[in-house]
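First comes the structure, then the notes that go with it.
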Amino acid sequence: MPKAQGKIQGTEIVTERAVRAARGGDVAASGVLTPAQRAAIFLSRIWAWVFLGLMVLFFVVAVPLTSGGSVNFLTNRNFQNILVAIVPVLLLGLGQTFVIITAGIDLSVGWVMSLASVLSALAIRGSFNSGLPLFPSVLVGFAAGVGGAAAVGFVNGVVISKLKVPAFIVTLGTSFIVRGAAYLMSENTTVIGLPEGIRAYGNDALIYYIGGDGGGLYFLQRPEVGGELLRRMDIVLPYPVIVTAFVVAWAMFLLHRTQFGRHTYALGGSMDAAVRSGIPVDRRIIMLYMLSAATSGVAGCLSTLRFTAGSSVIGDPLLLSSIAAVIIGGVSMSGGSGTVIGTVIGALIIAVLTTGLVMLNVDAFWQFIVIGAVVIVAVLIDQSRDLIMGRPKGGIRR
Amino acid sequence: MSKRVLTSIFILVVFLTTSLLAQAQFKKPKIGFLPGVVDPFYQVMQLGVEKAAKDLGVDVVTQIPPTWGVQVQTPLLDAMVARGDLNYIITAPTDKDQMVGPLKSAVDHGIKVITVDTFLGDGDYVNGPVKFPISYIGSDNVEGGRIAADGLGKAIGGKGTVYINSTNPNVSSVEGRVKGFKEEMAKKFPDVKVLGPDFNLDDENKAAQQTAAILTREPNLAGVFGTNVFSAGGAGTAVVNAGLGGHVQVVAYDATKQAIELMNKGVVSLVLAQKPFDMGYMAVQFAVADAAGVTSLPRRVETGFAIIDKENVKDPAVARFIYQVPDK
Amino acid sequence: MSEPLLSIRNLTKIFGGLIAVVKMSLDVRRGEVVGLLGDNGAGKSTLIKCVSGVYHPEEGEIAFDGKPAVFATPMDARRAGIETIYQDLALANNLDVSANIFLGREVKKRRFGGLVQTLDDRHMLDQSRNTLDSLQIRFAALVEPIENLSGGQRQAVAIARAVYWDAKLMIMDEPTNNLGVPEQHKVLELIRTLRERGVPVILITHILPDAFAVTDRVIVMHRGRKVAEKATAHTNAEELVQYMVGAREDAAA
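Below, the structure written as structure tokens:
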């Protein structure tokens, strides 16, 4: 394999000019940022974290104040609720993150989640009724839900990469097809008749905690208590949250530590460069859209377990929230940048906001206004980086 | 300190002590109200809830889901439970099976549940599969469906084709209406062919589209049954747009101002008004009674209908059941 | 030495209604620098993109290193040993220097008992630093996205990428575009060094002094055709300009 051997006459003068330019703060010529610019860039990267922190602080203070001390924001129960609430939006947003980094978009995620919910419900019901024990039935359900979802993603990816149709249009089209399929398969109603045991998979937790007298810490098994003890029981780490945490961790690994993730960023940075460097662009695009659909599939399966029913309408309201979470998290719609943890923060912001408003006894509709404003702020901050670096608006067209 | 400041402090102290004493005397329950979705029916129900709250001196925390569905209703329910200060939740479950889990969880946390308008399981909280709610307060929707069938069957002369446009699957209220309608039609007007139901998922535009499609397909369509606010509104609009007002009889469940307007125009021949105000008011009453220790509350209350047609629509005794929210 | 490394015969490339390259034939031998000249739209970039696997020619044959070559993808050409520095550099702005140098051919490392493959960033960073050092290019920060770098620095990254992969044939499309005068000289020295090492270079340029400085042979294209092929020593600027603007054409060049 290659190595540059021997010394080639230097290009030192390139850097001399750079150093002179750097002293003058001219980023374009020097490639070096002044401390002030560095600080501004840093702030623009962490603003979502700061906003989340401020919002939490606000609710922690305001909720007890407005309720006369009877309601508290800072409780374990509330925290666990928020974690459970972000599960569907976050899972939809994870795959979406990858796709949007490549300057694409997946508008079918909401309906793919619905389809997966229906498929998994049908599969669980079918396999349980034909004699399979509970846990294997659930596995079959997952396989059906995630597998069906990935198939849709495959179709998306093929049409986008091979037929060169824009992602917006393709995923819009498949979202309608998937929606119809979900309705037809569920025969236009909720898929019920699932074994009652799966409710435990969808709602139980790893740890149970009962505070006060007669309480204790319980692992894995829901303690059979009633009355006062039951009232005080708190769950810690519900199973859906654990599953989601694994998916998030895997997504982070995939994006930041593997060649696939590197290529994802490359596709977003410059499709041309990716093609000419020999990246198998078509294969990558297909994998990306399969990934996006698969995470939505997981969300659909978890929803089936949680509500012990398959619903064909369950994903519809979540599509736009998932995109909002991704944008708030700092993924640029023009591609090339973004992180998984950003999307997690974005989803948290949405969930904390909704919960906090309910606790303040404010009409939850305000959440839409606030989220819309935050999304716009996110985009403005993203574009402000160009300004900070002294570049012409809109970035340099290279 | 000035006299004014002293007087204010004195009044404040008096107020605080009396209210504290008052609180200590009887345990006022704090009630959460979580209806199905934003629409005139639930808005009138909210009026009932608020009036009862005022009359009985209790606090109510209200959250109204922007769209119909368990994915939207459940996070709001969870947040209300997490508040930790609610004793009762009055709710219209958006799915009779899927909401069992989340509401059971609320009960586990010490909150009692009263269902209004829609029920869980099969609505029989004594012998049925779901027993934990205190009561179901709502219309006997199956009976309502029968009344609608009677009205429509008579209006179309006992023969022809009719179409049902409904909202969401697996919701007890509209399911009951469809069931009652089909049963009565089969029994009393066996020559009438019944099409549908189609589900418009609480989207009035979709209801209009679906009805328009049926109108084109069945040129001899004689009647339409819209099973709730959005269904009736959409179906009525479609009939008007097709120029068939007066020729196709529309029976509307839920007496919105829009439905009454259509009745005055001759498009709708029968409107079934439920009594959401009663449902809301009584639900709060039940909560207060239960908190005071009453144990013989009925597990099911049927709030009845007002049947509105062209003859009695101007009668104030009937018109008061039209769903209207007074301008603030 | 006499057998050409790269041999193109009658290559034609058509884009819909536009005929970009018509029946181009061209040889490149080891150790020579061939200049490819022509005005804008002459078809130079299109031709070399057919060689580097970005485009697929409608007609014609390419032979590389003694074997017929059909490059279905750019990676095929890179694997065969053809490295290209494109006019627009083909760099990913959002990635850093070492990521760009290794773009498409990232080095991986097995972990957890061979179960997972992760990027070996450390190795790539070290290798990149070595290459840049050997070219005597110094950057302030190797791990920042290259979008902050100047035109000259980005050119240096593109050159470093091509140099690192130890090509058998180097294609450079207008490599001195973004550079100041001293840097341009450095690039020309690099080309001479490559030739000394036996690595042939196809140099596309419209800067005639550059062509005269380093090339052994020049080929002029006009409207997709070869209109002249001369040994550099046997021609002059005036003549070449005439060929470039189409005022003159050699028959069956």
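Protein chains in written order, with this note's numbering: chain A, 38 to 435; chain P, 5 to 332; chain Y, 340 to 592. Each residue gets a CB set at the ideal place from its N, CA and C atoms; glycine is no exception. Everything numeric in this text was worked out from a predicted model, so none of it was measured.
Extent of the continuous alpha helix (DSSP H) run through residue i
i, result
"serine 359/A", "355–365"
"histidine 462/Y", "460–473"
"proline 125/A", "113–138"
"arginine 531/Y", "520–535"
"isoleucine 322/A", "318–344"
"valine 79/P", "The displayed chain sequence assigns proline, not valine, to residue 79/P. From DSSP, the alpha helix (DSSP H) with proline 79/P extends over 74–87."
"aspartate 154/P", "145–159"
Straight-line Cα distance separating residue j from residue i
i, j, result
"threonine 98/P", "proline 44/P", "17 Å"
"valine 117/P", "leucine 107/P", "7 Å"
"serine 67/A", "serine 437/Y", "Only weak support exists for where serine 67/A lies, its pLDDT of 48 falling under 50; the value from the coordinates is given anyway. Roughly 18 Å separates the two Cα atoms."
"arginine 82/A", "alanine 186/A", "33 Å"
"leucine 433/Y", "alanine 219/A", "Strictly speaking, residue 433/Y in this sequence is asparagine, with leucine absent from that position. Answer to the nearest angstrom: the Cα atoms are 39 Å apart."
"phenylalanine 354/Y", "aspartate 206/P", "52 Å"
"aspartate 143/A", "valine 87/A", "28 Å"
"aspartate 404/Y", "leucine 156/A", "55 Å"
"leucine 127/A", "serine 359/A", "7 Å"
"glycine 352/A", "aspartate 505/Y", "52 Å"
"lysine 608/Y", "phenylalanine 191/A", "Given a span of 340 to 592 for chain Y in the structure shown, any question on residue 608/Y remains unanswerable."
"threonine 392/A", "isoleucine 161/A", "32 Å"
"arginine 303/P", "serine 139/P", "4 Å"
Within 8 Å, strictly: CB atoms of residue i and residue j
i, j, result
"leucine 80/P", "proline 69/P", "yes"
"leucine 176/A", "methionine 222/A", "no"
"isoleucine 316/A", "alanine 77/A", "no"
"valine 215/A", "valine 189/A", "yes"
"threonine 307/P", "methionine 283/P", "yes"
"lysine 565/Y", "serine 364/Y", "yes"
"valine 273/A", "tyrosine 246/A", "yes"
"asparagine 439/Y", "arginine 500/Y", "yes"
"methionine 189/P", "valine 178/P", "no"
"valine 255/P", "serine 273/P", "yes"
"methionine 463/Y", "phenylalanine 441/Y", "yes"
"leucine 375/Y", "lysine 388/Y", "no"
"isoleucine 421/Y", "isoleucine 510/Y", "yes"
"leucine 344/Y", "proline 539/Y", "yes"
"threonine 226/A", "asparagine 145/P", "no"
"serine 333/A", "alanine 180/A", "no"
"glycine 253/A", "alanine 204/A", "no"
Cβ-based neighbour list, residue i, same chain, cut-off 6 Å, excluding 5 preceding and 5 following
i, result
"alanine 26/P", "In this prediction, alanine 26/P scores a pLDDT of 44, lower than 50, which makes its location untrustworthy; the coordinate-derived value is nonetheless stated afterwards. If we look at alanine 26/P and ignore the five residues flanking it on each side, it has no Cβ neighbours."
"valine 322/P", "Ala310, Ile312 and Asn316"
Cut-off 8 Å between Cβ atoms - residues of its own chain near residue i, not counting five sequence neighbours on either side
i, result
"valine 389/A", "Leu89, Met92, Val93, Phe96 and Ile119"
"glutamine 328/P", "Pro44, Val48 and Lys261"
"valine 455/Y", "Arg449"
"threonine 22/P", "With a pLDDT of 43 at threonine 22/P, under the threshold of 50, the modelled position of this residue cannot be trusted; read the value that follows with caution. Taken in chain order, the list of residues that qualify is empty."
"glycine 306/A", "Gly372 and Gly373"
"glycine 171/A", "The question names glycine, yet the displayed sequence has leucine at residue 171/A. The residues are Phe165, Pro232, Gly234 and Ile235."
Delimiting residues of the beta strand (DSSP E) encompassing residue i
i, result
"phenylalanine 451/Y", "Element bounds for phenylalanine 451/Y: n/a, residue is neither H nor E."
"glutamate 513/Y", "Premise fails: glutamate 513/Y is in no beta strand (DSSP E) and is neither H nor E."
"lysine 34/P", "34–38"
"tyrosine 479/A", "Past the edges of chain A, shown from 38 to 435, lies residue 479/A, and the structure says nothing about it."
"phenylalanine 256/A", "253–256"
Residue i beta carbon near the ligand GDP (any heavy atom closer than 7 Å)
i, result
"threonine 71/A", "The ligand GDP is not among the ligands present in this structure, which contains no ligands whatsoever."
Contacting residues, own chain, Cβ-Cβ under 7 Å from residue i (five flanking each side not counted)
i, result
"tyrosine 257/P", "Gly148, Ala152, Arg181, Gly230, Thr231, Asn232, Ala236 and Leu276"
"glycine 379/A", "Ala85, Gly366, Gly367 and Val368"
"arginine 531/Y", "Val553"
Quiz prompt | Members of the stretch 393–414 of chain A that neighbour chain Y once the beta carbon cut-off is set at 9 Å | solution = none
Practice problem: With 8 Å as the C-beta to C-beta threshold (strictly closer), list the residues of the stretch 112–129 of chain P near chain A in chain order. | Solution: Asp112, His113 and Gly114
Practice problem: Mind checking the stretch 85–104 of chain P against chain A and listing, in chain order, the residues whose C-beta falls within less than 7 Å of any C-beta there? | Solution: Ala86, Arg87, Gly88, Asp89, Asp99, Asp101 and Gln102
Quiz item: Which of the residues in the stretch 428–439 of chain Y, read from start to end, lie with their CB under 9 Å from any CB of chain A?
Solution: Leu428, Ala429, Leu430, Ala431, Asn432, Asn433, Leu434, Ala438 and Asn439
Self-check item: Against chain P: residues of the stretch 104–116 of chain A by CB proximity under 8 Å
Solution: Ser104, Ser107, Val108, Asn109, Thr112, Arg114 and Asn115
Exercise. Closer than 7 Å, Cβ to Cβ, to anything on chain P: give me those residues from the stretch 213–242 of chain A, in chain order.
Key: Asn225, Thr226, Thr227, Ile229, Arg236 and Asn240
Practice problem: Scan the stretch 167–195 of chain P for residues whose Cβ lies nearer than 9 Å to a Cβ of chain A and list them as they occur along the chain. | Solution: Asn172, Pro173 and Asn174
Quiz item: Mind listing which residues of the stretch 304–321 of chain A have their C-beta closer than 8 Å to chain Y's C-betas, in chain order?
Solution: Gly305, Gly306, Ser307, Asp309, Ala310, Ala311, Val312, Arg313, Ser314, Gly315, Ile316 and Pro317
Practice problem: Output, in sequence order along the chain, the residues in the stretch 401–416 of chain Y whose CB is closer than 9 Å to any CB in chain A. | Solution: Thr412, Pro413, Met414, Asp415 and Ala416
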